[in-house]
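What the sequence shown shows, in my numbering, is residues 43 to 201, in sequence order.
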Amino acid sequence: MLSADVAVPEEYERVQEDGEDELVWYADPGGVFEISFWHRDPKSEDTMDHNPGVDPKARKEYYEEGSSSSTDREEASVSYKDATHEGRKAFEMTTEFVPCPSSGDDPVRYRLRELLIPGEKENDPYWHVRVRMPAQGEAAKDGDAIFTEVTEGPKIHAS
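In structure tokens:
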């Protein structure tokens with residue numbers, strides 16, 4: 043179970059799969075947005091572990107290469123900046139991409155807005171907050187507002 047209090051829009055439904063103590067996500071009833079919260083271990087040396095860890099440069103490269111097995115995303119545009127959360131160093135990332143496989147001449151682009159909060163020590167687990175949204179139109183503006191709401195809300199109780 044996550045050691046944090048999180049804030050999400052009231053109508054969102056919490057989803058947590060059996061055995062997934064470190065991941066909780068919330069589904070938008072309209073299916074437009076998705077909010078995820080992780081408490082993740084740092085990047086491991088296991089080559090089967092596709093988690094790039096909390097390092098924003100490594101995550102940027104991972105996303106630009108298409109993510110795991112190079113099959114999740116294409117045409118990824120990634121940026122990141124330093125941030126703080128509850129006085130702790132953090133990083134905000136924005137990724138726009140076309141999901142794979144995509145078809146059609148004008149595929150829908152999506153945006154991920156993420157907040158990465160390193161653990162207190164180098165080998166401590168880190169926090170990862172993600173909002174998935176459309177990359178364009180009014181829904182993109184709504185998604186940005188949701189990201190602001192959920193990233194201002196988490197109160198971390200453990201590293």
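Every residue, glycine too, gets a C-beta built ideally from N, C-alpha and C.
These numbers come from a predicted model, not from an experiment.
To which residues of the same chain is residue i closer than 7 Å at the C-beta, ignoring the five residues directly before and after it?
i: Pro94; result: Lys85, Ala100, Arg101, Tyr104
Give the range of the alpha helix (DSSP H) segment to which residue i is assigned.
i: Val192; result: 179-194
i: Glu103; result: 98-106
Does the beta-carbon distance from residue i to residue j come in below 9 Å?
i: Ile159; j: Val96; result: yes
i: Ala118; j: Glu134; result: no
i: Arg172; j: Glu76; result: yes
i: Val50; j: Glu191; result: yes
i: Leu157; j: Ala132; result: yes
Determine the DSSP secondary structure at residue i, reduced to helix, strand or coil.
i: Lys163; result: coil
i: Phe79; result: strand
i: Pro141; result: strand
i: Arg151; result: coil
i: Ala132; result: strand
i: Val48; result: coil
Only counting the same chain, and skipping five residues up and downstream in sequence, which positions put a Cβ closer than 6 Å to that of residue i?
i: Trp80; result: Glu64, Leu65, His170
i: His127; result: Ile159
i: Ser111; result: Interpretation of Ser111 is limited by its pLDDT of 47, a score under 50 that renders its predicted location unreliable; the figure taken from the coordinates is listed afterwards. Excluding sequence neighbours, Ser111 sits near nothing in its chain.
i: Lys123; result: Glu134
Taking the continuous beta strand (DSSP E) assigned at residue i, which residues delimit it?
i: Tyr54; result: Element bounds for Tyr54: n/a, residue is neither H nor E.
i: Glu116; result: 115-127
i: Val66; result: 65-69
Enumerate in chain order the residues of its own chain whose CB-to-CB distance from residue i is below 8 Å, with the five nearest sequence positions on each side excluded.
i: Pro167; result: Glu64, His81, Arg82, Asp83, Pro84, Gly161, Ser201
i: Ala182; result: Arg153, Met175, Pro176
i: Cys142; result: Gly108, Thr113, Asp114, Arg115, Glu116
**OP:** Spell out a yes or no on whether the segment 97-107 and the segment 66-80 are touching, meaning 3 or more CB-CB pairs, one atom from each, closer than 8 Å.
**Re:** no
Original post:
For the segment 146-156 against the segment 172-187, are there 3 or more C-beta pairs whose distance is under 8 Å?
Top reply: yes
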